[in-house]
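Student: Residue 1 is where the sequence shown starts when you use UniProt numbering, and the numbers rise one by one after that. C-beta: ideal position from N, C-alpha, C; glycine also. Computed from a predicted model, the values in this text were never measured in an experiment. Next up is a structure, given as structure tokens.
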Amino acid sequence: MSQTVGDHVLARLCEWGVEQVFGYPGDGINGLLAAWGRAGNRPRFVQARHEEMAAFAAVGYAKFSGRVGVCAATSGPGAIHLLNGLYDAKLDHVPVVAIVGQTDRSAMGGSYQQEVDLLSLFKDVASDYVQMVTVPEQLPNVLDRAFRVALAERAPTCVIIPADVQELAYSGPSHEFRMVPSSLGVRWPEVSPDDNGVRAAAEVLNAGQRVAMLVGQGARGARAEVVDVADLLGAGVAKALLGKDVLADDLPFVTGAIGLLGTRPSYELMRDCDTLLTVGSNFPYTQFLPELDQARAVQIDVDAKYIGMRYPYEVNLVGDAAATLRALIPLLRRKEDRGWRETVEGNVARWWETVEREAFVEGKPINPMRLFWEASSRLPHNAILAADSGSAANWYARDLRFRGEMRGSLSGTLATMGPGVPYGIGAKYAHPDRPVIVFEGDGAMQMNGMAELLTVARYWQEWADPRLVIAVLHNNDLNQVTWEMRAMQGAPKFPQSQMLPEVSYADFARSIGLDGIAVDEPGQIGSAWDRALAARRPTVLDVRTDPDFPPIPPHATFDQARDAAAALLKGDENRWGVLSAGLRTKAQELLTRRG
1 MSQTVGDHVL ARLCEWGVEQ VFGYPGDGIN GLLAAWGRAG NRPRFVQARH
51 EEMAAFAAVG YAKFSGRVGV CAATSGPGAI HLLNGLYDAK LDHVPVVAIV
101 GQTDRSAMGG SYQQEVDLLS LFKDVASDYV QMVTVPEQLP NVLDRAFRVA
151 LAERAPTCVI IPADVQELAY SGPSHEFRMV PSSLGVRWPE VSPDDNGVRA
201 AAEVLNAGQR VAMLVGQGAR GARAEVVDVA DLLGAGVAKA LLGKDVLADD
251 LPFVTGAIGL LGTRPSYELM RDCDTLLTVG SNFPYTQFLP ELDQARAVQI
301 DVDAKYIGMR YPYEVNLVGD AAATLRALIP LLRRKEDRGW RETVEGNVAR
351 WWETVEREAF VEGKPINPMR LFWEASSRLP HNAILAADSG SAANWYARDL
401 RFRGEMRGSL SGTLATMGPG VPYGIGAKYA HPDRPVIVFE GDGAMQMNGM
451 AELLTVARYW QEWADPRLVI AVLHNNDLNQ VTWEMRAMQG APKFPQSQML
501 PEVSYADFAR SIGLDGIAVD EPGQIGSAWD RALAARRPTV LDVRTDPDFP
551 PIPPHATFDQ ARDAAAALLK GDENRWGVLS AGLRTKAQEL LTRRG
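Listed below in structure tokens is the structure:
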């Protein structure tokens, strides 16, 4: 039998080094599915419970492997379902290739069943490259370009293949007019910075007395260089949310997360610095950076499209983070006055002391911060962590202390609900020999996490290290939105929209062959973590957390601090007792000013 287009697509994926495709079947990709059968399931078809989850798993795989994630879906509704996961890839700059089916060419334009204008549908989310294959000769060029563009732009791309085209005999492009041949692979240069720009940056940084650094995911491959520069400059280093795993949190000058979910020492670092160096970050919230006339600033980023746009940077350097910092280091003068560094380190030490104290404030029944605090000291140094959106993201950002070679991520820019469990699945396919931990709110768990546990149950025995721990914050409340309503709208909780139906996540896990541990007392948390991390199968920790611990950042707004001060004046000790240390400090400052 001659090779079909579907056969060629799968063979080409293997030539690109693709080991698995996350997807869901449908008649719009029957030609591909038949080819998978002939190919002995190479690359592996990993069946999600929903196309959106397949896209999320591809994003998680790409984030934790550094390679292209691939997902597949049928025409019409299947293709539509991919969109949210692909937007997650687009906004967090992750390379993903989506392969989707389409109705037969003869039916296009005829309002046929499941016919959707997919080129128009995907033209935003896959704006860097989306193309439909209408004749075999378009392959392999279309598929190869989808991979190269995804890698070059760190973005999702999309290849649309009508159902009838998948079954055609494959014939490659010939040496004729209007044929486009192709080739495999790509070798990337190390993007070196401009010499004059490096000298200008060194001049700015050497002149500063109180240097702050902000690093993002673009600095992940420059850990040693970031540490060297921070040491020379006596700088404190804050981390954008997607850059949480760039540096370990046990370094005394690392102030932790910055922004809406950030720490107090990061807030203080930006408030008091006179110089800012940003490396590999497109952190969007300017209000958490220094005042616009406060600091001289330098930015380093490999992508010129995202440079110079968040702060009035004096020097904008386009280049690879590690290469640029290596060029900069010989020009930097070590700051002999370490007073600023000592101040930063003192702030960081006090912060972790405060986090520990707050984690042991009594809850009804369990303070959610304690779940994260107890995990920090127990997590293996090579663990991979994922957090879903919601209050879990707040505690992940502020309360977890990354050590060693830990990796971590979440839906940073789209902040969509639902990627936690499929990220964990993607991480296990990226690193089947490493333990993976997912922190999941019960809202996200009910939205789609429970269904995706079935995917875990189906595939976990293939992983060299079977440990995948899903810790569920079980409070029957859409907690993040509840507190946002209170803090931003001044509105009380609206139970009809916020309350969730009761379900035992531990029982559900056990019912499908996983381990499930119910935790309803604070003293059980440590032993539950120990048991889950020693288990020889995936485990769900069903933890009854108190919804009345507000995930309010320590750099709270004036209005929030004012309300907290009013609570103290009214003697509302219950509310005061669960406020973050930063919010309490702001409230006390207001009371002091009041007189």
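Could you tell me which uninterrupted alpha helix (DSSP H) segments, each at least 4 residues in length, are contained entirely in the region 13 to 100, listed from first to last along the chain?
Tutor: Listed in chain order, the complete alpha helix (DSSP H) runs (minimum 4 residues) inside the region 13 to 100 are 30 to 38, 51 to 65, 77 to 81 and 83 to 92.
Student: Assign D195 to one of two classes, buried (16 or more other C-beta atoms within 10 Å of its C-beta) or exposed (fewer than that).
Tutor: The residue in question, D195, is exposed, as its Cβ has fewer than 16 Cβ neighbours within 10 Å.
Student: For R105 and N41, what's the separation of their Cα atoms in angstroms?
Tutor: Taking the straight line from one Cα to the other gives about 27 Å.
Student: List the DSSP bridge partners of H474.
Tutor: R544, per the DSSP bridge assignment.
Student: So what's F147 in DSSP terms, helix, strand or just coil?
Tutor: Helix at F147.
Student: The alpha helix (DSSP H) with N206 in it runs from where to where?
Tutor: That run of the alpha helix (DSSP H) goes D195 to A207.
Student: Touching or not, the region 248 to 264 and the region 304 to 323, by the rule of three or more beta carbon pairs under 8 Å?
Tutor: The region 248 to 264 is not in contact with the region 304 to 323.
Student: For G424, collect the residues of the same chain with a Cβ closer than 6 Å to its Cβ; drop the 5 residues on either side in sequence, then sort them by chain order.
Tutor: So the qualifying residues of the chain are A386, V436, V438 and L468.
Student: May I ask which residues mark the beginning and end of the alpha helix (DSSP H) holding G526?
Tutor: Its alpha helix (DSSP H) spans residues I525 to A534.
Student: Nearest-angstrom Cα distance between P181 and V142?
Tutor: For P181 and V142, the distance between alpha carbons rounds to 10 Å.
Student: Given that a residue counts as buried once 16 or more other Cβ atoms are within 10 Å of its Cβ, and exposed if not, what is Q102?
Tutor: Result: buried.
Student: Closer than 8 Å is the cut-off here; do at least three beta carbon pairs connect the region 263 to 277 with the region 340 to 347?
Tutor: A contact exists between the region 263 to 277 and the region 340 to 347.
Student: Roughly how far, in whole angstroms, is the beta-carbon of A35 from the beta-carbon of V97, given that I think they are within contact range, below 8 Å?
Tutor: Rounded, the Cβ-Cβ distance is 17 Å, inconsistent with contact.
Student: Could you tell me whether the region 313 to 322 touches the region 195 to 208, using the rule of 3 or more Cβ pairs below 8 Å?
Tutor: Because the criterion of three Cβ pairs below 8 Å is met, the region 313 to 322 and the region 195 to 208 touch.
Student: Under 8 Å between the Cβ atoms of L279 and A327?
Tutor: Before going on, a small fix: residue 279 reads as Val here, not Leu. Taking 8 Å as the Cβ cut-off, V279 and A327 do not qualify as a contacting pair.
Student: Hey, N500 and P538: beta-carbon distance below 8 Å or not?
Tutor: Residue identity differs from the one stated: residue 500 is Leu in this sequence, not Asn. No; because the gap between Cβ atoms is not below 8 Å, this pair is not in contact.
Student: Quick check on the DSSP output: the beta strand (DSSP E) that includes M270 runs from which residue to which?
Tutor: From DSSP, M270 is part of no beta strand (DSSP E) but of the alpha helix (DSSP H) over R264 to D272.
Student: Is the beta carbon of D7 less than 8 Å from the beta carbon of A39?
Tutor: In this structure, A39 lies closer than 8 Å to D7 by Cβ.
Student: Within the same chain, show all residues whose beta-carbon is closer than 8 Å to that of S183, passing over the 5 residues directly before and after it, in chain order.
Tutor: If we look at S183 and ignore the five residues flanking it on each side, its Cβ neighbours are D144.
Student: Does the distance from the CB of residue 624 to the CB of L400 come in under 8 Å?
Tutor: The question about residue 624 has no answer, for the chain in this structure spans 1 to 595.
Student: Report yes if the C-beta distance between P432 and A464 is below 8 Å; otherwise report no.
Tutor: Against a cut-off of 8 Å, the Cβ pair of A464 and P432 comes out as a contact.
Student: Taking buried to mean at least 16 other C-beta atoms within 10 Å of its own C-beta, is Q20 buried or exposed?
Tutor: Answer is buried; the Cβ neighbour count reaches 16.
Student: How would you write the range of the beta strand (DSSP E) that K239 sits in, first residue to last?
Tutor: Element bounds for K239: G236 to K239.
Student: So, does the region 449 to 458 touch the region 501 to 513, judging by three or more C-beta pairs under 8 Å?
Tutor: Yes, the region 449 to 458 touches the region 501 to 513.
Student: For F558 and K63, what's the separation of their Cα atoms in angstroms?
Tutor: Residue confidence is low: F558 scores 44 on pLDDT, short of 50, so the model does not pin down where it sits. No coordinate-derived value is stated.
Student: Cα-Cα, which of E362, K90 and R49 is closest to A72?
Tutor: Checking every option, the nearest Cα to that of A72 belongs to R49.
Student: Look at the alpha carbon of M53 and the alpha carbon of T455, and state the distance between them as a whole number of angstroms.
Tutor: Whole-angstrom Cα-Cα distance: 10 Å.
Student: Curious, which full-length beta strand (DSSP E) runs of at least 3 residues does the region 146 to 196 contain?
Tutor: DSSP runs (the beta strand (DSSP E)) wholly in the region 146 to 196: 156 to 162.
Student: The alpha helix (DSSP H) that contains T134, what's its start and end?
Tutor: No alpha helix (DSSP H) contains T134, which DSSP labels as neither H nor E.
Student: Mark E190 as exposed unless 16 or more other C-beta atoms lie within 10 angstroms of its C-beta, in which case mark it buried.
Tutor: The residue is exposed, with fewer than 16 neighbouring Cβ atoms inside 10 Å.
Student: Counting pairs of beta carbons, one from the region 81 to 92 and one from the region 130 to 142, are three or more of them closer than 8 Å?
Tutor: The answer is no - the region 130 to 142 does not touch the region 81 to 92, with fewer than three Cβ pairs under 8 Å.
Student: Buried or exposed for H555, please, with buried defined as at least 16 other CB atoms from any protein chain shown within 10 angstroms of its CB.
Tutor: The predicted position of H555 is uncertain, since its pLDDT is 45 and thus under 50; no value can be drawn from it.
Student: Report back the beta-carbon spacing between D245 and G408 to the nearest angstrom; my notes put them in contact at under 8 Å.
Tutor: 5 Å between Cβ atoms; contact.
Student: I'd like to know whether the C-beta atoms of N479 and S411 end up nearer to each other than 8 Å.
Tutor: The answer is no: Cβ separation not under 8 Å.
Student: For T557, does the three-state DSSP call read helix, strand or coil?
Tutor: Because the pLDDT of T557 is 46, which lies under 50, any placement of that residue in the model is unreliable, and the question is left without a value.
Student: Considering only the alpha carbon of each residue, which of R12, A322 and D164 lies closest to E225?
Tutor: E225 has its Cα closest to that of A322, out of R12, A322 and D164.
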